[in-house]
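Residues 4 to 125, numbered by the working numbering, are exactly what the sequence shown covers, in order. All residues carry an ideal CB built from backbone N, CA and C; glycine is no exception. Quick caveat, the model's predicted, so the values are computed rather than measured. For reference, the structure is listed below as structure tokens.
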Amino acid sequence: MKGKCIARSDTQDDNTDPSNSDSHGLNDLPAKLPLQDLGRHLAERCAQLLDEAMREIKILTQETQEVMQALASKHSEEFTLVISDVMEAIQAEHAQVNARLHRGIEDADAADVQAAAKRKAA
4 MKGKCIARSD TQDDNTDPSN SDSHGLNDLP AKLPLQDLGR HLAERCAQLL
54 DEAMREIKIL TQETQEVMQA LASKHSEEFT LVISDVMEAI QAEHAQVNAR
104 LHRGIEDADA ADVQAAAKRK AA
């Protein structure tokens, strides 16, 4: 069984191994590459792949942060609207309670005035 990235002794004379047809940049390797050169090439390619992965991670992290900020902003706006509605309802309820209280006081004052007038008349 022939594996990828394995130099074979029965390769063609064009100095490339056709089994190196993967997408990791190894298809440009000579078929009979010294082990030290192969190690250096693989280290360079791994560094390139790591750099690419780090760039992708950075981009995805930025996109994720932007989405999270947009969601937080949206929910913050919604939260502000809800709090505003609740405060308006509380203020309206407070105004209604105050109006009832004032009517009660006025009614009590009127009742006191009537009671005092009846006592005087009696």
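For V116 and I108, what's the separation of their Cα atoms in angstroms? Here the question's residue 116 lines up with position 113 in the sequence shown. Here the question's residue 108 lines up with position 105 in the sequence shown. Approximately 12 angstroms, taken between the alpha carbons.
DSSP state of L38, grouped into three classes? Here residue 38 refers to the residue found at position 35 when the sequence shown is read from its first residue. In this structure, DSSP gives L38 a helical state, which the three-state scheme calls helix.
Return no unless some Cβ of chain E is closer than 8 angstroms to the Cβ of H97. Of the protein chains in this structure there is only one, and it is not chain E.
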